[in-house]
Amino acid sequence: MHLVVIKFSSLTCATCQQMSRFDRRLVEEMGLTMVDVKMQDTATYKQYRHILLAQYPRKVGMQWPTYLVCQFPIETYQILGEISGEQQPQTFQQQLQAILALPEA
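If you want the working numbering, it's the position in the sequence shown, counting the first as 1, plus 509.
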């Protein structure tokens, strides 16, 4: 099983940019891969759009940034958990650890 953290963010989101200072490092320290999907990057967004829409069919209630922890490969992905909105590094790491501790992970 390969776990990937998909970050849906925007170049115009200050919180997204602030969290980029630590999110990838913390994800990789936990042995996971992170994919950063910026909404302005049309090609990458199209590749991962179906995963975002599975969680937020109309993007209603979605916060910036949204991190979806998924089991891959992409063709048969499963969303295991989510971290949304502004987080401090320690809280982000704790939430990620909690998702990984779930029985499905």
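Positions of the beta carbon are idealized from the N, C-alpha and C atoms, including for glycine. Everything numeric in this text was worked out from a predicted model, so none of it was measured.
Cβ neighbour criterion (16 or more within 10 Å) applied to residue i
{"i": "Q596", "result": "buried"}
{"i": "V569", "result": "exposed"}
{"i": "T575", "result": "buried"}
{"i": "K555", "result": "exposed"}
As assigned by DSSP and simplified to three states, the class of residue i
{"i": "K568", "result": "coil"}
{"i": "D532", "result": "helix"}
{"i": "L605", "result": "helix"}
{"i": "L512", "result": "strand"}
{"i": "T542", "result": "strand"}
Cα-Cα separation, residue i to residue j
{"i": "M541", "j": "T524", "result": "Reading off the sequence shown, one finds Leu at residue 541, where the question assumed Met. Near 22 Å, if we compare the C-alpha coordinates of T524 and L541."}
{"i": "Y557", "j": "V546", "result": "8 Å"}
{"i": "S518", "j": "F581", "result": "20 Å"}
{"i": "Q587", "j": "I560", "result": "9 Å"}
{"i": "R567", "j": "L605", "result": "25 Å"}
{"i": "I608", "j": "R533", "result": "16 Å"}
{"i": "V513", "j": "M539", "result": "11 Å"}
The ligand MG heavy atom lying under 7 Å from the CB of residue i
{"i": "M543", "result": "Although the ligand MG was asked about, the structure shown includes no ligands whatsoever."}
**Report entry** Secondary structure, beta strand (DSSP E): runs of 3+ residues fully inside the stretch 573-597
**Finding:** You should have 575-581 and 587-593.
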